[in-house]
Structures are given as C-alpha cells and as structure tokens.
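Residue numbers for the sequence shown follow the numbering used here, so the first one is 2 and each next one is one higher. Ideal Cβ placement from N, Cα and C applies to all residues, glycine included. In this text the structure is predicted, and so the values were computed from the model without any measurement. Here is the structure we will look at, set down as structure tokens.
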Amino acid sequence: MLAAMTTSTFPFSAVVGHDDLRLALLLNAVHPGVGGVLVRGEKGTAKSTAVRALAALLPALSVVPGCRFACDPAAPDPDCPDGPHVESGPAEPRAAQLVELPVGATEDRLVGSLDLERALAEGVRAYQPGLLADAHRGVLYVDEVNLLHDHLVDLLLDAAAMGRAHVERDGVSVSHAARFLLVGTMNPEEGELRPQLLDRFGLTVEVRAAREVDTRVEVVRRRLAFEADPAGFAAAWQDAEAGTAERIAAAQARLAAVVLPDAELRRIAAVCAAFDVDGMRADLVIARAAVAHAAWRGVDAVTEEDVRVAARLALPHRRRRDPFDEPGMDEQDLDDALREAAEQEPPYDDPDDDPDDDPDDDPDDDPDGGGDGGGPGGSPDPADGPLDQGTGSSDGPSEEARPGGDGRPQAAPPASAPFRARLLQVPGIGEGAPGRRSRARTESGRVVRASGAAPRRVSDVHLPATIAAAAPHQRSRGRAGAGLLLRRDDLRRAEREGREGNLVLFAVDASGSMAARTRMAAVSGAVLSLLRDAYQRRDKVGLVTFRAGGAELVLPPTSSVPAAQARLAGMRTGGRTPLADGLLRARAVLRVERLRDPRRRPLLVLLTDGRATVAARSGGDPVHDACRAAGLLAADGVATVVVDCESGPVRLGLAARVAAAAGAPSVGLAELSADAVAGVVHAARAA
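This is the structure:
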C-alpha cells in the first residue's frame with residue numbers, strides 16, 4: 002500500500018535516468034541505518050523531484066493515536082514524552098511524512114524547545130516538539146544542506162546516526178526516537194560541506210543533466226505530460242509505483258535475515274583500507290548498504306556485487322583530504338581494489354586446523370607473513386596539491402617576466418606551498434550571515450547585553466534582566482513575598498555576539514611587474530592560503546584580476562571556494578598595470594553584491610606592488626588615479642587589506658600609498674602567515 006499517492010507528486014518510477022540516485026534512495030528506504038543520502042548536482046536535475054516522489058512510495062505507518070512522536074503501537078518508545086503507551090494498544094494509520102527543513106530554520110525549530118506561551122500563561126514546563134519528531138519514521142529532506150548552519154547539520158546528523166534526539170535546553174530535558182531517511186541536496190557551485198560533515202552522510206550521489214538528445218527529449222516529454230494532466234499521468238504509472246512500493250516492503254521484511262559472510266566483511270575492510278579512508282564509518286556504511294542491496298535484490302546473503310555497489314556510493318565523498326579536492330572515484334580503482342581484496346586469503350579457513358601442526362605449511366599462509374591486509378599497493382592517493390602543477394596553457398611555461406613587459410599573456414607559475422593564513426576581519430559588528438570570520442550579532446553565541454526588544458524564543462530571554470525589570474512591580478501586582486509574577490512587557494532579550502561570514506573579494510595584480518616567476522608563485526600561494534581560510538570560515542569569494550589593458554571579473558562572488566581556486570590556477574599574467582581600473586571594477590562588483598546580499602559585509606583583499614602604469618583617464622597620473630579609486634572604496638565603507646607584494650632591495654612604497662588612501666592596513670606577503678604573526682607576537686612578549 003502506498004503511503005501517499007497524490008496527483009501533485011511526480012511518480013518515482015517516471016524519473017528518467019539518475020539510476021544511482023534512485024538506488025541510493027531505495028537502499029536507505031530499505032535500511033535507514035545506512036545513514037542517508039547526499040545528492041550533489043547542478044540545478045535543474047530533478048534532485049528534489051526524486052526525493053519527494055520516494056516519500057509517496059514508503060509503506061503507510063501504524064501510530065499510537067494522539068502521539069506527537071509517531072510511536073509504533075507494536076513497539077512504543079518507552080521514553081516517549083507523550084507516553085507511556087500500552088504495547089499493542091490502539092493504532093491509527095498514517096502516511097509516512099516528508100518533512101522539509103528550511104535553510105533558515107533555528108535550533109529550537111529543529112529539536113524542539115520549551116513552549117513559551119504555555120510557560121507564561123499556565124506556568125507549566127511543556128515541551129514543543131521540533132522537526133526531528135515530525136520526521137520520525139518518515140523522510141527528512143534538507144534542500145541546499147550546504148547552506149545550513151553547521152551546528153544544525155551536526156545536530157541533524159547526530160540524531161540520524163543515533164536514531165534519537167536528545168534535547169537539553171530551556172529547562173527541558175527530553176529524549177525521543179528520531180529514525181528517519183535523511184536526504185540532503187546541494188549545488189556544489191554554492192559551496193561545499195566541510196569534510197567532517199560530508200563523512201556523516203552514508204551515501205553520496207553526483208547527478209548531472211543528460212547530454213544525450215533522446216534522454217533529454219524524454220525528460221521534457223514526461224514533464225510536460227505530467228503538467229498537462231497530473232492525475233492521468235499518475236494513473237499511467239500507478240502499476241509501476243505499486244510494484245516498487247511492494248518491493249520496498251518486501252526488502253524491509255527480508256533485511257533481518259540477510260547474512261553478511263566473513264569473506265565479504267573482509268572484502269569491505271580491505272577496500273576501505275585500500276582507499277585510505279579515515280575512521281570506521283565507511284566500513285559500517287558499506288556493510289549496511291550491502292545488506293540492504295542484497296535484500297533489495299531478494300537474496301539471502303551479501304555477495305561481491307552488493308559490496309561493489311555499496312562501496313561505489315559510500316566512498317567517493319570520503320576520499321577528500323583537502324577542501325579543494327574534487328569528490329569522486331575512478332571505478333577502475335574500485336575494481337582493482339576489489340580484485341586484490343579477493344586475492345587476500347584469510348589467515349586460515351578452518352578454525353580447527355592449527356597451522357603450526359604442519360611444518361611444511363607454505364609461509365604465505367602464515368597470518369603473520371601475509372601483511373596486514375592494508376589494501377593494494379597501487380591504490381589511488383590524494384593529489385599532492387590542490388593546484389595544477391602545469392601551466393594550464395598551450396603556450397608552455399612562462400619565462401621570467403620583466404616589469405613593463407611586452408604585454409603578451411603568460412601562464413601563471415605554480416603556486417608556492419600554502420600556509421595557515423592569519424585572520425583578516427571586517428571592523429565593527431555585522432548582522433550575522435552564517436560564518437566564522439568577523440564579529441556579528443547572531444542567534445547563537447555568547448550573551449553580551451540585554452535589550453528591551455521582545456524575545457522571539459525561550460533561549461532569547463535574558464533572565465537576570467527580566468527579573469530585574471519585574472521585581473519593582475511585584476507589590477503593585479499583589480505578589481509581594483509570594484513569588485514572582487511576570488508579564489510580557491517584563492521580558493528582556495539577550496543580545497548575542499558570534500561570528501559571521503563575509504564576502505572576500507580578491508583583487509590580484511597580474512601585470513608584468515608582478516609576473517616574475519618567484520613573485521607570482523608567492524602571490525598565488527598566498528591567495529590559495531586565503532581561499533582555504535575563506536572555505537573554513539564559510540565566506541563567499543570573488544576574484545578580480547587586472548593586467549594589460551583593463552580589469553576582469555574572473556569569478557563572480559560565489560560560495561564555491563574550489564571554483565575560485567580553479568580560476569586562480571588558470572590566471573594569465575603580463576602587460577602593464579591598470580591598478581585604478583582594478584579597484585574601480587572591484588568597487589562595481591561590491592556595489593552589486595551589496596544589493597544582492599546586504600547582510601554579508603565585504604572584505605577587499607588587494608594584492609599588488611602598487612606600480613600603476615595605466616591611468617584611469619587619458620593624461621592622468623596612474624598612481625594618483627589608483628589612490629583616488631582607493632578613496633572611493635573607503636567612502637563606500639569597504640573594509641580593505643592591501644598585501645604589498647613589492648620585493649627586492651629597492652622599494653618604492655607605492656602599495657602603502659594606495660593603502661593609506663583606502664584607509665586600509667598594508668601587510669607584506671610574509672605577514673599573511675598566521676605562524677609568522679604568532680612568532681612575531683611571541684618574540685615581542687619574550688623581549
């Protein structure tokens with residue numbers, strides 16, 4: 002029986018292509034312990050359509066009447082806040098729920114909190130369930146999970162892994178069951194999840210729009226048919242949907258009886274070791290997914306086929322060692338690892354056969370002589386560095402460029418080794434775009450003061466200030482000596498301060514005076530280090546370069562820091578220095594972005610030696626025009642940091658003049674390293 006067959010839901014069976022996506026969703030439907038699915042893909046690839054369609058296929062549930070936590074009457078949660086429930090008591094049918102977690106959700110909306118209205122009106126400590134309770138025994142769908150606050154993702158994944166939600170907040174201590182199929186979708190162009198959070202998703206799938214004409218035609222044909230007659234389209238696919246739903250229910254029933262042989266368990270361990278994944282989560286996920294796949298196929302024991310399918314879906318996102326590593330896996334590498342795992346025999350097959358009894362035993366059969374099962378020697382290693390060590394151009398490697406060269410573009414040299422970048426901040430206090438860079442007013446963080454603004458939730462109440470506001474009025478309220486009587490106008494709001502993410506716009510001087518091979522390598526390494534820092538601090542980034550005749554927006558502001566790194570690797574150098582044009586282009590970019598995302602304050606990082614050679618207007622002084630453009634940025638309130646890239650025994654100090662005009666600090670390349678700055682501070686304190 003289908004949980005919810007509505008004409009507004011596109012049928013799961015009618016989704017064209019995306020075999021891996023559909024299989025990953027089905028495996029989690031069969032065995033929620035797999036840990037969910039992260040769906041990565043470009044926009045318009047039916048990610049949301051497939052997730053919503055799956056929810057309609059899940060078997061209908063029996064729930065305890067009136068239970069807000071959807072307890073199963075056959076096995077009610079003994080700790081249910083609405084309990085205790087009588088086992089095998091009355092039941093009512095309910096469709097499996099599809100609960101959507103919006104990007105702007107708060108922590109109390111996710112896990113629940115004290116019911117503020119009842120607490121004030123009735124004086125009772127009542128718990129208001131959150132979305133985790135609503136999703137129990139259903140599907141929890143997070144669109145754009147990469148844009149969700151990290152602490153919410155942590156809470157979400159903890160609940161998914163444990164099958165329970167623990168709430169300790171606002172004087173409430175509650176634990177309830179929270180077992181659900183977790184699905185997160187994301188567009189990598191809008192930013193990546195941190196590797197630590199990526200690992201918490203059981204399976205991952207990369208989806209792209211088909212490039213075959215026939216497939217694209219069929220997608221459009223089915224979608225248009227559905228929009229023209231949803232009921233008729235759903236009826237045409239009803240038999241296929243019913244068959245899939247029955248197969249899910251049968252696989253769920255068979256799951257407990259599926260056997261995972263030791264040979265396949267060893268194969269799983271060997272493959273995980275071969276791919277050098279961290280921790281043991283990958284082994285567990287592959288084991289559960291392989292069992293689910295065997296149940297889906299209708300067999301009673303896991304085979305190599307099941308292990309291969311599970312590993313192909315569970316390993317790609319766990320191979321990343323660097324924020325700029327592309328997720329993915331070569332299937333040939335997986336086949337090689339599986340083959341070598343099959344060649345590794347167990348120490349001995351017969352537990353009653355002591356290998357020491359036979360003095361002529363082949364030494365290769367000795368469990369101490371066969372190695373540690375760590376995987377094939379030819380297993381793929383992470384890339385040595387995130388930046389392409391080639392030139393990225395058919396022009397071949399650039400020769401040592403001279404200041405004021407002939408203007409011919411040269412490929413940027415490989416970046417120097419990245420380092421831990423120092424913290425660059427925007428002065429003042431922002432509005433709290435999610436991140437970890439500059440000070441901001443946030444909904445989570447340390448309490449810094451109380452205000453008279455009305456609290457929006459229980460955790461917003463500043464208790465000492467609220468009591469202080471109510472205390473003088475107790476006698477007039479008739480409560481002197483008889484406890485504290487609060488009214489709504491007594492409530493004071495706790496103002497919190499945390500960290501925000503910023504828009505970090507890099508303006509990079511790629512002219513001939515900067516293109517000396519060692520200097521440009523150092524500049525590229527510095528930008529790469531700052532990009533890493535921006536990734537960790539959840540910033541948006543953009544990249545403007547200027548050289549030859551003008552400035553170019555190489556990368557519009559984006560949350561995809563790896564995209565910025567890729568553009569940096571392909572940067573061209575050489576020609577004259579239109580510094581004023583570069584600053585004016587940066588100003589125009591920031592002006593547009595301020596209208597688009599007003600909560601995210603900008604930080605302009607200018608990397609130049611200041612040797613402007615092209616004026617903004619005919620007959621003008623290039624350096625004067627650059628300083629004037631910097632002054633316009635200061636008038637706009639743009640926080641700027643000038644990285645002085647000038648080197649050598651003779652220094653003109655022109656970058657410092659530009660920094661002064663922008664009201665910005667000027668730092669050298671070496672000062673961008675957090676380790677170098679810490680060393681200077683340590684030496685100063687020691688002196």
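Three-state secondary structure (DSSP) of residue i
i	result
K48	helix
V65	coil
R586	helix
V260	strand
D357	For D357, the predicted model reports a pLDDT of 47, less than 50, meaning its position is unreliable and no value from the coordinates is stated.
F181	coil
M330	coil
G543	strand
A312	helix
S674	strand
R440	strand
E169	strand
L506	strand
M187	strand
D230	coil
P103	coil
S530	helix
L198	helix
P419	coil
D277	coil
G376	Model confidence at G376 stands at a pLDDT of 38, short of 50, so the residue's coordinates are unreliable; what they give is reported in the following sentence. Coil at G376, not helix or strand.
R255	helix
P82	coil
L141	strand
P428	coil
Same chain, Cβ closer than 6 Å to residue i, neighbours up to 5 away in sequence not counted
i	result
D645	A656, S667, G669
L314	A25, L204
L425	V642
V154	L198
E672	none
E265	V303, V308
L158	R201
R586	V545, A552
A241	S14
L148	V104
A210	T46
A109	This sequence places Asp at residue 109; Ala is not what is there. R458, listed in sequence order.
Residue i - partner residues in DSSP beta bridges
i	result
T699	Given that the chain is displayed from residue 2 to residue 688, the structure contains no residue 699 and the question cannot be resolved.
E501	P435
V668	V644
G302	With the sequence shown as reference, residue 302 is identified as Ala, and Gly is not the correct amino acid for it. Note: A302 sits in a beta bridge opposite V260.
Q129	S114
Y536	In the DSSP output, where bridge partners are listed per residue, Y536 has none listed.
V175	V168
S452	R494
Buried versus exposed, by CB contacts within 10 Å (16 or more), residue i
i	result
H152	exposed
D365	Here D365 scores only 43 on pLDDT, less than 50, and its place in the model should not be relied on; the value that follows carries that caveat. Exposed, by the Cβ-count rule.
A47	buried
L464	exposed
V221	exposed
I468	exposed
Q129	buried
Q98	buried
P77	buried
L1	Examination of residue 1 is not possible in this model, given that the chain is present from 2 through 688 alone.
T216	exposed
P558	buried
Q566	buried
S9	exposed
F11	buried
L653	exposed
D20	exposed
P689	Residue numbering for the chain in the displayed model covers 2 to 688; residue 689 lies beyond these limits and cannot be assessed.
L485	exposed
Spatial neighbours of residue i in its chain, beta-carbon cut-off 7 Å, leaving aside the 5 residues before and after
i	result
H32	L256, R289, V292, A293
L556	G543, L544, A564, A565, R568
T578	D510, S512, S514, R612, A613, T614, V615
R538	G436, R437, R438, G502
8 Å CB neighbourhood of residue i in its chain, flanking five on each side removed
i	result
E88	P74, A75, A76, P77
Could you pull out every unbroken alpha helix (DSSP H) segment of at least 4 residues lying fully inside the region 547-607, listed in chain order?
Those alpha helix (DSSP H) runs which fall completely within the region 547-607 and span 4+ residues are 562-570, 580-597.
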